[in-house]
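Reviewing the structure listed below.
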Amino acid sequence: QADIAMYQAKAAGRNNLRFFDPAMQASIIARTAMEQALHEALDAKQFRIFYQPQVDAEGSIDGAEALLRWEHPKQGMVPPANFIPLAEETGLILPLGHCVLEHTCEQLVKWSRQPKLAELTVAVNVSIRQFRQEDFADQVLAVLAKTGANPARLKLELTESILALDLPDIKSKMGRLKTQGVTFSLDDFGTGYSSLAYLKQLPLDQLKIDRSFVRDILDDANDAAIAKMIIALAASMGLQVIAEGVETAPQKDKLFALGCFNYQGYLFGKPLPIEQFEALLTGR
Ligand code: C2E
Ligand code: MG
Ligand code: MG
Ligand code: MG
């Protein structure tokens, strides 16, 4: 550590001591340790996928979102907010994301043989870094072919950040997957900077209302207005709309009244380990 401090001091030049920051140095070391820990976690297969129910207007579960967890030997279940940003920065999200896709597709194949599970659609989050890979569509198609999963049961969640990419490129990647039956949802919708002109050119199937608009939908007129606008937008573009973060029945009723008939949130179920999710559906 002393060596690192010395190196940084030298690299920073003559006036370095004024800027020497032990907290920053500690954070660099912590970051490196965390990066190392993530690599080891991948090798040691410490990542788990939880499934959170998605329901229709009648409250029947018709899908699930696959959500990553890190089962840390000492810290327990680590939520994605604590490791996805670093995984994205370091590129580790590429093997990790591929792993999530493979597991989900294997799960789809198992479910396809069980009556109450065969009709489920599973949504998988795709980070912009994954999507940006030139062979992204080929990778997904290869996983589908290898596992034998039905592409129509796979939904990919993208965020508005992909709109920063080259439009013809986005369209061709999405188009190749769509011809095979894969569907697309735009996650956290309303939090990014979507140009509506751009948006309408994407072959999307669903908009997902971000939970920040759902939380105070009953008390905050602006949030209600935004939700209403997103629902109208989806309807006019022929897209399905789903609300995330639905925690209470009044929130669900409000969304229903506004014309949103698909929901995900603690009211219907938290993200669950696979056995519990299956038990919920099969009633065991
Ligand atoms: P997201 O895709 O928007 O996922 C929804 C998040 O909202 C999940 O958090 C879920 O547990 C949480 N949530 C669902 N219903 C409720 C509710 O009623 N109330 C509250 N307060 N929260 C609710 P989670 O699992 O911590 O995931 C956070 C984010 O991490 C995800 O946000 C997604 O962006 C990212 N993520 C998770 N898994 C993956 C993955 O496999 N790949 C990538 N690239 N990102 C992932
Ligand atoms: Mg998502
Ligand atoms: Mg979301
Ligand atoms: Mg969100």
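full-length UniProt numbering applies: residue 641 is where the sequence shown begins, and numbers increase by one.
Beta carbons are placed, not taken as given, at the ideal position from N, Cα and C, and that holds for glycine.
Rounding to the nearest angstrom, what Cα-Cα distance links E759 and K685 in this structure?
28 Å
What first and last residue would you give for the alpha helix (DSSP H) that runs through L873?
A861 to M877
Heavy atoms of ligand 3 versus C-beta positions, residues under 6 Å
D827, D828, K848 and E884
Buried or exposed: where does A785 fall if 16 or more other Cβ atoms within 10 Å of its Cβ makes it buried?
exposed
Given this structure, state the Cα-to-Cα distance separating L847 from Q665, to the nearest angstrom.
42 Å
heavy atom of ligand 1 below 7 Å from V780 C-beta
no
Opposite Y691 in the DSSP bridges: which residues?
A706 and L912
Any heavy atom of ligand 2 closer than 7 Å to the CB of N765?
yes
Roughly how many whole angstroms lie between the Cα atoms of L912 and Q773?
30 Å
Which residues in the same chain as L794 place their Cβ atom closer than 6 Å to its Cβ, once the five residues preceding and following it in sequence are excluded?
V822
First and last residue of the uninterrupted beta strand (DSSP E) at F901:
First-last for F901: undefined, no H or E at that position.
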